[in-house]
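Below is one structure, written out as structure tokens, with a few remarks after it.
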Amino acid sequence: IDAIVKDRLTVRPGEEVRLRIDPRRVHIFDRQSGARL
-12 IDAIVKDRLT VRPGEEVRLR IDPRRVHIFD RQSGARL
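In this text, residue positions in the sequence shown follow my numbering: the first is -12, and each later residue adds one.
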């Protein structure tokens, strides 16, 4: 999963990060072709 976020957080390796996703802003692509699904 790749995500672009506007906020900046200080996160250390192993720390849990919780994300809330707005489904209206999710874009899914085929890895091989790059085509939007």
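We put the CB at the ideal spot given by N, CA and C, even for glycine. A quick note: this is a predicted structure, and the numbers were derived from the prediction, not measured.
Counting only the same chain and skipping the five closest in sequence on each side, list residues whose C-beta sits under 8 Å from that of residue i.
{"i": "VAL4", "result": "LEU(-4), VAL(-2)"}
{"i": "ALA(-10)", "result": "LEU6"}
Can you give the Cα-Cα distance for residue i and residue j, rounded to whole angstroms?
{"i": "PRO0", "j": "PHE16", "result": "28 Å"}
{"i": "GLU2", "j": "ILE8", "result": "19 Å"}
Here's a check: name, in chain order, each residue in its chain whose Cβ is nearer than 7 Å to the Cβ of residue i, leaving out the five neighbours to either side.
{"i": "HIS14", "result": "ARG23"}
Just verifying my parser: in three-state terms, what is the DSSP assignment at residue i?
{"i": "ARG23", "result": "strand"}
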